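In our numbering, the protein residues as written are 21 to 194.
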């Protein structure tokens with residue numbers, strides 16, 4: 021039984037793995053069970069391949085069609101005045117950020133980036149560095165957004181980050 025939501029040659033995002041092209045749908049047998057798999061190739065690294073079971077909602081829920089340029093701009097406009105409050109408890113902050121990165125909700129990712137960037141600037145003024153876990157969450161969030169935004173807007177990663185911060189206002193300059 022086929023549960024396909026996507027087809028060969030679709031361009032999708034696949035969670036933190038970024039923008040991928042579906043190069044095929046193949047039947048594979050693993051541990052004696054035959055299943056159909058989406059075969060994904062990252063557009064920036066054709067040496068990697070991801071096999072995503074077509075009938076597994078946990079993995080296919082991480083796949084979605086790319087946003088359009090208008091949708092990206094709308095998200096940035098909506099995120100302009102929003103900021104995620106800094107969570108001082110490190111354990112709670114990690115749980116919150118892990119959930120945001122896992123869900124890959126663009127608005128929440130932008131709010132998280134703004135929050136971490138503000139905290140990073142605040143700590144730098146005190147001669148301190150950001151916690152390594154916060155730096156990693158910042159990089160992960162930027163990667164998720166940048167991969168898709170680069171592809172759709174035809175910009176470099178540096179240009180995408182500048183574009184995001186220009187569109188979301190001065191919240192990162194506090």
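Every residue gets a Cβ at the ideal spot worked out from N, C-alpha and C, and that includes glycine.
Remember, predicted model here, so these are calculated numbers, not experimental data.
Contact check, residue i vs residue j, beta carbons under 8 Å
i, j, result
"residue 36", "residue 141", "no"
"residue 28", "residue 44", "yes"
"residue 100", "residue 187", "yes"
"residue 56", "residue 49", "no"
"residue 215", "residue 120", "Because the chain is modelled from 21 through 194, residue 215 falls outside the range shown and cannot be assessed."
Contacts around residue i, its chain only, beta-carbon distance under 6 Å, and the 5 residues preceding and following it disregarded
i, result
"residue 154", "136"
"residue 31", "41 and 86"
Residue i - containing alpha helix (DSSP H), residue span
i, result
"residue 157", "152–173"
"residue 184", "177–187"
"residue 121", "110–123"
Close beta carbons around residue i, own chain, < 8 Å, minus the five adjacent residues each side
i, result
"residue 95", "87, 126, 127 and 130"
"residue 124", "33, 35, 36, 82 and 164"
"residue 182", "none"
"residue 51", "none"
Nearest-angstrom Cα separation, counted from residue j out to residue i
i, j, result
"residue 139", "residue 117", "14 Å"
"residue 148", "residue 105", "20 Å"
"residue 38", "residue 98", "23 Å"
"residue 143", "residue 151", "10 Å"
"residue 175", "residue 160", "18 Å"
"residue 74", "residue 84", "13 Å"
"residue 122", "residue 179", "25 Å"
"residue 26", "residue 146", "49 Å"
"residue 76", "residue 58", "11 Å"
"residue 108", "residue 61", "39 Å"
"residue 172", "residue 63", "12 Å"
"residue 158", "residue 53", "39 Å"
"residue 21", "residue 67", "Here residue 21 scores only 42 on pLDDT, less than 50, and its place in the model is too uncertain to base an answer on."
"residue 80", "residue 110", "31 Å"
Cβ neighbours of residue i in the same chain (closer than 7 Å, five flanking residues each side left out)
i, result
"residue 103", "131, 134, 135 and 191"
"residue 114", "153"
"residue 177", "166 and 170"
Test: residue i CB closer than 8 Å to a CB of chain C
i, result
"residue 59", "This model lacks chain C altogether, as it is built from one protein chain only."
Continuous beta strand (DSSP E) stretch holding residue i: start and end
i, result
"residue 32", "31–34"
"residue 83", "83–85"
"residue 44", "39–50"
"residue 60", "53–62"
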